[in-house]
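For the sequence shown, my numbering assigns the number 8 to the initial residue and increments by one for each residue that follows. All C-beta atoms in this analysis are idealised placements derived from N, C-alpha and C, irrespective of residue type, glycine included. This one's a predicted model, so the numbers in the text were calculated from it and none came from an experiment.
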Amino acid sequence: MTQSFTREDRNTDIFNQLSRGYRESWMRAVKFNFLMGPSVDIISTVTAAFVYVLGIQWMLGTDGGITVGVLVAFTAYISRFWNPINTLANFYNSLLTAISYLERIFETIDEEVQVKDVEGAVVMPPIAGKVQFKDVVFGYEDGQIILDHINFTANPGESFAIVGPTGAGKTTIVNLICRFYNVTSGVVCIDDVDISKVTVRSLRSQMGIMMQDSFIFAGTIMDNIRYGNMKESDEDVIRAARTVCAHDFIMKMEGGYHTQVNERGSRLSAGQRQLISFARALLADPRILILDEATSSIDTETEIVLQRGLKELLKGRTSFIIAHRLSTIQNADCIMYVDRGRILERGTHEELLELKGEYSNLYLSQFDFLKK
Ligand SMILES: Nc1ncnc2c1ncn2[C@@H]1O[C@H](COP(=O)(O)OP(=O)(O)O)[C@@H](O)[C@H]1O
Ligand SMILES: [Mg+2]
């Protein structure tokens, strides 16, 4: 992720800064520990020595002073006296460490969530799939306007493609559909319900979102497709994998569906990871599906397999597809060309080619590129 954005240097700087701060406070704690422990030890040893010296002098003294028993008892008392102090010092140290851990935990818990349920938020009823933007204006926290009066209506089952240059606002549009942020003005409606009035949980649980890098966790392929969806049987999982054309490559692995993959799925190619996430999405069966450059990191050969899987996955769902490679989206019901937060062109592939505008330029440039 870091490498793909060529941010290594900046991230290294940030990391170094953080580690320096951490090192300094750790050194403080260590210093305290190393001063406290030995000084308590030294003091107790010195007192013990002192007691022996004095005691033996008194024992040998002419005034008949003390017996051996008294001396032994006294030294035992001395160590009894120092033990609790030692314990207290150690306890104080553990307490400091524990407090600093606790602080981290509370910092994480206290982290403000971007979007909260409004008072009296209702549960989103089962979604049919109509998505509507009405005059949506949006800016991130810095106040700059990113989306400028966006209007569109996607009917249930339609596939919408969003294309445009980097930074145009494509990801921002789909972020608003999932309500990762609240709109600045205007309304986003799903099935004619204003999504700012429903609970975030009930909304997002009905959406499928796929990003460029699909999430794979350590476990079997079966678990990865099922993804906590425990009510689905093994047969359901296999059927989903077949539908998106993932079955063949899975069966070629030594353990089939029970092959263990590690976190980030490094044994799998980008295309294979994507096929697994397609199967996962199909099994979850959301009415609205969002693919944000989900097919970007895939070679052309895998893409042909993916295209078939994708077609099955999209069937009967409202989908929003952001793709660089225009071959992925030619069959979309509507293509929107977005630049600087505005929809400049919209229509089917043929209509936009006819228009000879930005989309047609983009298409022709990719087409030329392929021919070379
Ligand atoms: N979390 C954020 N905070 C502030 N600005 C953002 C954030 N995410 C994106 N932007 C800005 O919003 C604009 C649109 O970004 P984005 O929707 O990600 O574009 P695209 O997906 O079309 O490449 C860019 O100018 C980007 O810098
Ligand atoms: Mg984006």
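When DSSP reads this structure, residue 121 sits in no beta bridge, so it has no partner. Every unbroken stretch of the beta strand (DSSP E) spanning 3 or more residues and falling wholly within the segment 275-308 is given here in chain order: 295-299.
Your pair residue 285 and residue 251 checks out as a contact, with CB atoms roughly 4 Å apart and the cut at 8 Å. No residue range can be given for residue 189, since it is assigned to no beta strand (DSSP E) and is classified by DSSP as neither H nor E.
Along the length of the segment 129-187, whole alpha helix (DSSP H) runs at least 4 residues long occupy 177-184, reported in chain order. By the Cβ criterion, the segment 72-90 is in contact with the segment 46-54, since at least three pairs of Cβ atoms, one from each stretch, lie closer than 8 Å.
Listed in chain order, the non-local C-beta contacts of residue 43 below 6 Å within the same chain comprise 96, local neighbours out to five positions each way being set aside.
For residue 209, there is no enclosing beta strand (DSSP E); the enclosing alpha helix (DSSP H) covers residues 207-211. Burial check for residue 221: the Cβ neighbour count within 10 Å reaches 16 or more, so the residue is buried.
Between ligand 2 and the CB of residue 142, the shortest heavy atom gap is not smaller than 7 Å. Per the DSSP secondary-structure output, residue 267 pairs in a beta bridge with 227. If you draw a straight line from the Cα of residue 259 to the Cα of residue 375, it comes to about 37 Å.
Each of 253, 139, 216 was checked against the Cα of residue 229, and the nearest Cα belongs to 253. In the DSSP assignment, residue 344 forms a beta bridge with 170, 352. Looking at the DSSP output, residue 215 bridges to 296. Of all alpha-carbon atoms in 300, 355, 122, 226, the one lying nearest the alpha-carbon of residue 206 is that of 122.
For residue 329, the CB falls within less than 7 Å of some heavy atom of ligand 2.
Between the segment 230-239 and the segment 190-202 there are fewer than three C-beta pairs closer than 8 Å, too few to call the two in contact.
Between ligand 1 and the CB of residue 171, the shortest heavy atom gap is smaller than 7 Å. Counting along the chain, residue 325 sits inside the beta strand (DSSP E) bounded by residues 325-329. Judged by DSSP secondary structure, residue 255 falls within the alpha helix (DSSP H) whose first and last residues are 254-259. A straight line joining the alpha-carbon of residue 345 with that of residue 131 spans about 29 Å.
Taking non-hydrogen atoms of ligand 1 into account, the C-beta of residue 301 is found less than 7 Å away from none of them. Taking a cut-off of 8 Å on C-beta distances, the segment 173-184 does not touch the segment 357-365, as fewer than three cross pairs fall below it. The alpha-carbon of residue 355 is positioned some 56 Å away from that of residue 109.
Its chain contains 333 as the residues whose beta carbon lies nearer than 6 Å to that of residue 373, once the 5 sequence neighbours on both sides are disregarded; these appear in chain order. In the DSSP assignment, residue 247 falls within the alpha helix (DSSP H) that extends over 241-250. Here DSSP, grouped into helix, strand and coil, assigns residue 220 to coil. Judged by DSSP in its simplified three-state form, residue 197 adopts strand. Distances from the CA of residue 325 to each of 149, 65, 104, 135 were compared; the closest alpha carbon is that of 135. DSSP places residue 96 within a helical segment (H, G or I) once states are collapsed to three.
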